[in-house]
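Trainee: The structure follows.
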Amino acid sequence: GIPCFNGYTKQNFLLKAYLTHCTGDIPAISKCLNLAGHNAYKGCRFCNLLGIYSTVNRHIYFPLNKQCKNLVLRTHEETKHIINQLSLETNKSRKELIIKDTGIKGANLLFKLKGIEFPWSFPIDIMHLYFENVAPLMYLHWSGGFFKDNKHDDNSYNLTKKELEYIGNLMKESKKCLPLEIGQAPRDISKYHTGFKAIEWRNWIELFSVPLLKDIFIDK
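At position 31 of the sequence shown (counting the first as 1) the number is 32 in my numbering, and the numbers step up by one without a gap.
See below:
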């Protein structure tokens, strides 16, 4: 701890810090926790959803027809038990089978901290979940670029090129009256959305999307 002085009680005390949460993108957290990662059969760190290998695409995927409300969640004690199994297993083949069946590769130092509880101490961060994931995908859907075939892209939620340009121009013009505190000046989303950073997607969702879309998606 760090020696500190309490101005209210006029006494010295020892300030201690405890790590309770840790976050990052999925590959980083997988390395941090010694997990097999999102490409494994048990790729989710929150539940035991089992992936299926596609012989066509040669990749593991998670079917959309699963009953997501009834998924079996991982627990701290269960994970510690699996880690203990792996540490005691001496046969390489059996050890690899445990890793495949559980998505857990072994021990990690963070589990030694009393303030840590797996998996809830490792939430999905808002930047990767929303601002660099959901937000750009929503824009692709609205602009008719979400699907590769025109059949699925042609729906009532698609904006016309003229509407997109109108929205983008309003964003560009708004920088004249926006405070510097919001960060980078807004760019025309119809022209530069492919180069948007996380902060720009955040501003789009929080500041621009609702006021600019409410008169276009009136019935939605």
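Yeah, the Cβ is synthetic: ideal placement off N, Cα and C, and Gly gets one too.
1) Assuming LEU50 contacts LEU72 under a Cβ cut-off of 8 Å, what Cβ separation, rounded to an integer in Å, is found between them?
2) Over what stretch of residues does the alpha helix (DSSP H) that includes CYS33 continue unbroken?
3) Helix, strand or coil: how does DSSP classify CYS23 here?
4) Nearest to SER122 by CA position, among ILE83, LEU141, ARG46, is which residue?
5) Helix, strand or coil: which one does DSSP assign to LEU15?
6) Kindly indicate which three-state DSSP category ILE217 falls into: helix, strand or coil?
7) Could you check what DSSP says for PHE77 in three-state terms: helix, strand or coil?
8) Using 8 Å as the cut-off, can you tell me whether the stretch 18-25 makes contact with the stretch 73-92, which would need three or more C-beta pairs spanning the two stretches below that distance?
9) What are the boundary residues of the alpha helix (DSSP H) that SER175 is part of?
10) For ARG203, does the count of other Cβ atoms within 10 angstroms reach 16, so buried, or fall short, so exposed?
11) So what's SER157 in DSSP terms, helix, strand or just coil?
12) Have a look at CYS178, CYS48, ILE190 and flag the residue whose alpha-carbon is nearest the alpha-carbon of LYS70.
13) Can you tell me whether DSSP reads SER238 as helix, strand or coil?
Mentor: According to the structure data:
1) Right, the Cβ-Cβ distance comes to about 6 Å (below 8 Å), so this counts as a contact.
2) CYS33 -> alpha helix (DSSP H) spans 27-34.
3) Three-state result, CYS23: coil.
4) When the alpha-carbon of SER122 is set against those of ILE83, LEU141, ARG46, the nearest one is in ARG46.
5) In this structure, LEU15 counts as strand in the three-state DSSP scheme.
6) Annotated three-state conformation of ILE217 is coil, per DSSP.
7) The residue asked about is misnamed: residue 77 is His in this sequence, not Phe. Under the three-state reduction of DSSP, HIS77 is assigned to helix.
8) Not touching, per the Cβ criterion.
9) Looking at the DSSP string, the run of the alpha helix (DSSP H) that includes SER175 is 162-175.
10) It is buried - the Cβ of ARG203 has at least 16 other Cβ atoms within 10 Å.
11) Shown here, SER157 sits in coil according to DSSP, grouped into three states, outside any helix or strand.
12) Ranking the options by Cα distance to LYS70, first place goes to CYS48.
13) Outside the modelled stretch of the chain, which goes from 2 to 221, sits residue 238, for which no answer is possible.
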